[in-house]
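In mature numbering (1 follows the signal peptide of the UniProt record, and there is no 0), the protein residues as written are -27 to -1, 1 to 710. Idealized CB from N, CA, C, for every residue including glycine. Remarks on the structure that follows.
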């Protein structure tokens, strides 16, 4: 067979030297079942590599412009820096030519001219063996593309070319510096596995699959407390030791690679263990999907520098859930629903409210809207370093960024023109300029950051103290079915520049209307100072102020450049971007002392209904101070309270809640009686938590160790054991009825 002849040609020896010390070629010794499995895997990978359409015009252009020596004159082959490396275009061009040559439906199928171009361009690369300053290209990007070309071209390449390519592909090996937990090891193992398929080597393939399947475990289970990269026990994902959320970047890539390999290996002797696949499904459904709007659009709050790449907020395809449905029946109804939504066959219906305590990230999903909050604490950093010149203005993205979407389209392509000091949800000093990019990542300085949730409703809080600016604020969010509430208190700053809390900055979509002392007003494009307004409506979303508030509005065209936020070579080739943008913010003035704000966001409401909603709002703000922030929802009978210190609050007439320690508490009532209490400890220091409810409580079928009743006083003292270790910060509930 072709694979055996390749292995016997000496390529296996090169693998032995460059890939896995001690690895040996066993293809010729393998049984017929193994050989068949290897060929089946090879056919599956090659089929996928040949799936993209062949652009005839592009191929013709490549053939007409390639030099006889095998290079393209419009590519800069001299600059191998982290932000340049246009050599990647050479690799992409080679793959496009290889696909055009080997795909039967291609007009260039088996054309000698194309084969000649593939050979000359590959020889050019093999001669120069370009090395980038960015390790990723050397250990992942280049090896993967060269390896894919080997699979596509197969024995159309000479033995010498295959032999010279071996050490380049071999830089992707399990002992490589980049083969580390947190998303990169699985990619490197995948490249290694594909090379094992090309070489027909079972030993190499088995080691690769073992590495891939073994990656799906909680980081804490590896037993190395110094390396906690990878999957966390809350199903978030950390790529580095900075504990920055990477769920929709490296985490999604991790899941996609795993699923792709498990799917291709199905029904063979290389099939993945069922328990590994099921754990991946849990991560996909309880981690990745919970950070996506309508299970389709990524939340930019769960991304980092990647948002400064074009198309970073594009809808995800049904590929991953469809492949999972082919390899497991575990949680198949949920997977089938996601696949159907992404194919446009059904409407989203997911309802959840989830806090990821390892990454200080909260997401709230309803069928008609999605909202999230990104925070950070002394347990993690605010943001990813702007590696490779990406994410140059991400300084404030972790400062309470609040994502609000009804369609998934509100922020697409906006980032070149964004005012990066008016990120939705954040409270920021409006400096003349942002600090240098090397100041983007900062360690958090406060520990009281967290969320409380029962899975359907919840709240998040951020005791915010800027690590770079003289600014502090206590910020909280309260999430319900049709709305969420945002409260800020204790806003203090010592700067000559004003402080702003931004409600939203999104693409302008139609009319902007406000309700003020003079009634409704439609705003022409421009900059507006709105005095004592009650509400603002834009794009079927209302921003309601329980107390008349003075705010600023801009609905105008903004301009910017991609290369202001991304230094990669492609960004420098693009023209100025112009977008019409809606921005709404509260100006707290210069050096505010004990400033505050209150607003309610109601997505999916018509402008004609806003005033009526405000007049009969189910939202009752119980407190908004540096000590307590609390909201009661009248219709749902849910109270959510942030205690920054021991205190007492009346959650309903005659029903008081008292606590002896700071915490987040949610109280749900039924028929006037307290039915359920949910608590979390943002400090992660407490082992137990005790609170007292006066009135509204009565003995019920609960553990006597948890609830102590005082019938004479009509009070209940509730004691909850709080999660510890890797689960500290998670919510815990007790039912009282």
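- Residue 236 and residue 176 have their C-alpha atoms spaced approximately 20 Å apart.
- The distance from the Cβ of residue 32 to that of residue 70 is about 7 Å, consistent with a contact at the 8 Å cut-off.
- By the CB criterion at 8 Å, residue 334 and residue 422 fall outside the cutoff.
- Our two residues, residue 66 and residue 222, have alpha carbons roughly 26 Å apart in a direct line.
- Its chain contains 247, 250, 251, 254 as the residues whose beta carbon lies nearer than 8 Å to that of residue 301, once the 5 sequence neighbours on both sides are disregarded; these appear in chain order.
- According to the DSSP secondary-structure assignment, residue 605 is paired through a beta bridge with 593, 612.
- The DSSP-derived three-state label of residue 581 is helix.
- Between the stretch 472 to 484 and the stretch 379 to 389 there are three or more C-beta pairs closer than 8 Å, enough to call the two in contact.
- Beta-bridge analysis with DSSP links residue 517 to 508, 573.
- Looking at 455, 239, 553, the one whose alpha-carbon comes closest to that of residue 389 is 553.
- A straight-line Cα-Cα distance of about 47 Å links residue 73 and residue 513.
- Classified as buried, residue 680 has 16 or more neighbouring CB atoms from the shown chains inside 10 Å of its CB.
- Looking at the DSSP output, residue 435 bridges to 422, 448.
- By the neighbour-count criterion, in which 16 or more other beta carbons inside 10 Å mark a residue as buried, residue 327 falls on the buried side.
- Note: residue 471 is bridge-paired with 563 in the DSSP secondary-structure output.
- Around the beta carbon of residue 520, fewer than 16 other beta carbons lie within 10 angstroms, which makes this residue exposed.
- Only residues of its own chain outside the window of five on either side were considered, and among them 699 have a CB closer than 6 Å to the CB of residue 193, listed in chain order.
- Residue 204 has its alpha-carbon roughly 38 Å from the corresponding atom of residue 666.
- Residue 356 has no beta-bridge partner at all, per DSSP.
- Within 10 angstroms of the beta-carbon of residue 694 lie fewer than 16 other beta-carbons, which makes it exposed.
- Contact check between the stretch 462 to 471 and the stretch 484 to 502: fewer than three CB pairs, one atom from each, fall below 8 Å, which does not count as touching.
- The beta-carbon distance between residue 635 and residue 651, rounded to whole angstroms, is 16 Å. This is too long to meet the 8 Å contact definition.
- For residue 598, the CB contacts under 7 Å within the same chain, skipping 5 residues up- and downstream, are 462 in chain order.
- If you ignore the 5 residues before and after residue 381, its C-beta comes within less than 7 Å of the C-beta of 266, 267, 269, 270, 288, all in its own chain and listed in chain order.
- Ranked by Cα distance from residue 86, the first of 47, 43, 36 is 36.
- The beta-bridge partner set that DSSP reports for residue 265 consists of 271.
- Comparing alpha carbon positions, the residue from 369, 687, 346 closest to residue 425 is 346.
- In this structure, residue 344 and residue 376 form a Cβ contact; the two beta carbons are roughly 6 Å apart against a cut-off of 8 Å.
- Annotation: the continuous alpha helix (DSSP H) that includes residue 252 extends over 247 to 256.
- For residue 362, the secondary structure class from DSSP, reduced to helix, strand or coil, is helix.
- Nearest Cα to residue 523 within the set 506, 103, 341: 506.
- CA-to-CA, the gap between residue 488 and residue 525 works out to about 14 Å.
- With a cutoff of 8 Å on beta-carbon distance, residue 264 and residue 351 are scored as not near each other.
- The Cβ atoms of residue 437 and residue 446 sit closer than 8 Å to each other.
- In this chain, the alpha helix (DSSP H) harbouring residue 29 covers 29 to 38.
- Among the bridge pairs identified by DSSP, residue 134 is matched with none.
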